[in-house]
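First to last, the sequence lines map onto chains A and B. Under the numbering used here, the first residue of the first sequence is numbered 67, with each subsequent residue one higher. Under the numbering used here, the first residue of the second sequence is numbered 1129, with each subsequent residue one higher. Quick notes on the structure that follows.
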Amino acid sequence: MTVDRSDQQRRAREELCAALAERLSGQINCALTGPDEVLLVRLELDQYRAAAETLWEQGLDRLDFLTCVDWRDHFTLTLQVYSMDSGAIVRIACDLPRDGVPAPTISDLWFLANWEEREAHDMFGVVFEGHPDLRRILLPEAWEGHPLRKDYVDRVGIERPQYF
Amino acid sequence: MDDMDTRNMQPEPDGLRPETLVPEEGVEGFEDVNDFLINIGPHHPGTHGVMRMITRLDGERVVGLDTRIGYMHRSLEKIAENRTYHQVVAFTDRTVDYLAAMHNDWVYCMAAEKLLGIEVPERAEYLRVIVGELNRIASHLLSLGALGLDSGAMTYFLWTLMAREKVVGLFEQLCGARLTYVYMRIGGVMYQPPEGWVERANEVVHEVVEELPRYRRLFHDNYIWHLRSKDISTLSPEEARRINAQGPTLRASGIKWDLRKNLPYSIYDRFEFDVPVGTTGDVYDRTEVRYEEILESARIVRQALADLAPGPILAHRIARVPSPPPGEAYARMESPRGEIGCYLVSDGSHKPYRMKWRGASFHNVQMLPQMCVGYTLSDMINIVGTIDPVMGDVDR
């Protein structure tokens, strides 16, 4: 049973890699990476939308998460989707400048990406171009700053105790 | 007013202005009034927490819904960036879905164990499955009871809470807490079950399962409940897939998808259980799926209790302040409300560099307009009850 599933997943993975390479017309890194063995595809920002469309067309219609990581000099936009049919999981990551450059929206593909993008906008200040309703979601509209940025200073300026 | 799409309403900096609650024209004599806005929440029993639903009504029929969340935002993800890996466990069970605290701790620990490369002892895996499924029973009991309360069946709520109390008592014996357990640790679980706990757990599961036919006679087979629930908020399999419905909502639409079965994590591939599915995906089916899932969870708990072998419950040599190598890990599992996940990024230091929480309720609440539009206001309260939102999970 387990062997079948991993075989099936490997085949699905190879098909996905081929489809992505064809669409993006270039070589992409298709190895399983990280301790959790998902297919991590690193992309440029201008390939992000095309890659997302390819994954959507390949039947990966379930969204796990969409988020950002702040690396102080740039953001990494990360999207993980999976397929209910083949069980294939793909994570795509692309670097994004911290300010001024919008990311393309994928909320027209995955329904759940709508609020995930709003949350990333709220917490990181990323602008998603083409999003139908980009406003803050968890914080009030009048909030200043984006809390999950590493350089965020909250307005009260509390000195937090350092536990370690 | 007619061309106003409530789903895409423009934000108002300081909330809903009173003048938008009444139409701009036609108030005199109400001649032209055929739809109006009504504000439900943030504090309302029907929202199961602090959520605001700005509802556009045509008579009693819902024609638009704008959901506002964030009233209980505590920024778990920022807190986690300032704590060590072990300290975060205490936050994941009270800050997010507090009705399924075991699952939240578990998924965080799974992600951290992946990062740290820790192998969990077998007995700990069994204990995790046992408490996880017991927690699912408790959560579903509360969910069903609260739905009964929403639709006027007060007695049913009290009955389910009485049964839930027994399960919660088990947790209290096990770890001293009744809601926020902090029972999971990175690398295993915290306590060995006390003497007699396994027998008591078997008894409790038996008692809960014995109770269920009573619930069916009182509530699930009740004619009034059938009138209130059948063909309300039907979700076709295609639509459920399109909006990425999850958990009992997805299964009620007839799609047999359960992470425990389809992409097994932990040791779920060792147990025999079924995945209950509905047919039409209406309010009735969603409650039935939850009802059946209690039985299936009871099956899993019985098998796990029977197979529970002595052994260590915590992996060896786990650092008190672990610093995993740089990398990222994602763990996910089937919580009572759907798929939850935890995405951890490490930069090699002793604190998580970034933690992203995938909350099941956050995504369920997003689907509300798709489910509620077209049904009456009283149905809407039931529909909110069937997706079982926990605001801690939505707002985090």
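Backbone N, C-alpha and C fix where the C-beta goes; we use that ideal spot for every residue, glycine too.
- In this structure B/Asp1410 is not in contact with B/Ser1451, their Cβ atoms being roughly 50 Å apart against a cut-off of 8 Å.
- At a C-beta separation below 8 Å, A/Asp174 has no neighbours in chain B, since its nearest C-beta there lies roughly 12 Å away.
- Between B/Ile1395 and B/Leu1262, the alpha-carbon positions lie close to 16 Å from each other.
- For the set B/Pro1321, B/Glu1209, B/Met1499, B/Val1217, the Cα lying nearest the Cα of B/Ala1437 is the one of B/Pro1321.
- For A/Lys216, there is no enclosing alpha helix (DSSP H), as DSSP marks it with neither H nor E.
- B/Leu1244 sits in a helix when the DSSP states are folded into three classes.
- Its chain contains Thr1362 as the residues whose beta carbon lies nearer than 6 Å to that of B/Thr1408, once the 5 sequence neighbours on both sides are disregarded; these appear in chain order.
- When secondary structure is reduced to three states using DSSP, B/Arg1256 falls in the helix class.
- Membership of B/Asn1350 in any beta strand (DSSP E) is not indicated, and neither H nor E is assigned to it by DSSP.
- Within the region 1412–1435 of chain B, no residue has its Cβ closer than 7 Å to any Cβ of chain A.
- A Cβ-Cβ separation of about 7 Å places B/Gly1469 in contact with B/Ala1459 under the 8 Å criterion.
- Using a C-beta cut-off of 8 Å, the region 1489–1496 of chain B makes contact with the region 163–182 of chain A, since at least three inter-stretch Cβ pairs fall below that distance.
- Going by beta carbons, B/Asp1516 and B/Ser1474 fall outside the 9 Å limit.
- Relative to B/Glu1323, the option among B/Phe1401, B/Met1200, B/Leu1298 whose CA is nearest is B/Leu1298.
- By alpha-carbon distance to B/Ala1329, the top candidate from B/Glu1293, B/Pro1404, B/Leu1433 is B/Leu1433.
- A/Gln75 and B/Leu1391 have their C-alpha atoms spaced approximately 11 Å apart.
- In the structure shown, B/Ile1395 adopts coil according to DSSP, grouped into three states.
- Per DSSP, B/Gly1487 lies in no beta strand (DSSP E) and is assigned neither H nor E.
- Cβ contact annotation for B/Ile1422 (same chain, cutoff 6 Å, sequence separation greater than five): Ile1265, His1268, in chain order.
- Restricting attention to B/Asp1523, B/Gly1280, B/Met1238, the CA atom closest to the CA of B/Leu1346 is found in B/Gly1280.
- For B/Asp1194, the enclosing beta strand (DSSP E) starts and ends at 1189–1196.
- Here the C-alpha atom of B/Ser1381 lies approximately 46 Å from the C-alpha atom of B/Arg1445.
- Counting along the chain, no alpha helix (DSSP H) covers B/Thr1308, and no H or E run does either.
- Non-local beta-carbon contacts of B/Ala1426 in its own chain, meaning distances under 6 Å to residues more than five positions away in sequence, involve Val1333, Val1337 in chain order.
- Contact between the region 1183–1200 of chain B and the region 1501–1510 of chain B is established, with three or more Cβ pairs separated by less than 8 Å.
- When the beta-carbon positions are compared, B/Pro1376 and B/Pro1497 stay at least 9 Å from each other.
- For B/Ala1240, same chain residues with a beta-carbon under 6 Å away, outside a window of 5 residues either side, are Tyr1213, Ile1314 in chain order.
- Contact annotation for A/Leu129 against chain B: Asn1372 [CB-CB distance below 7 Å, chain order].
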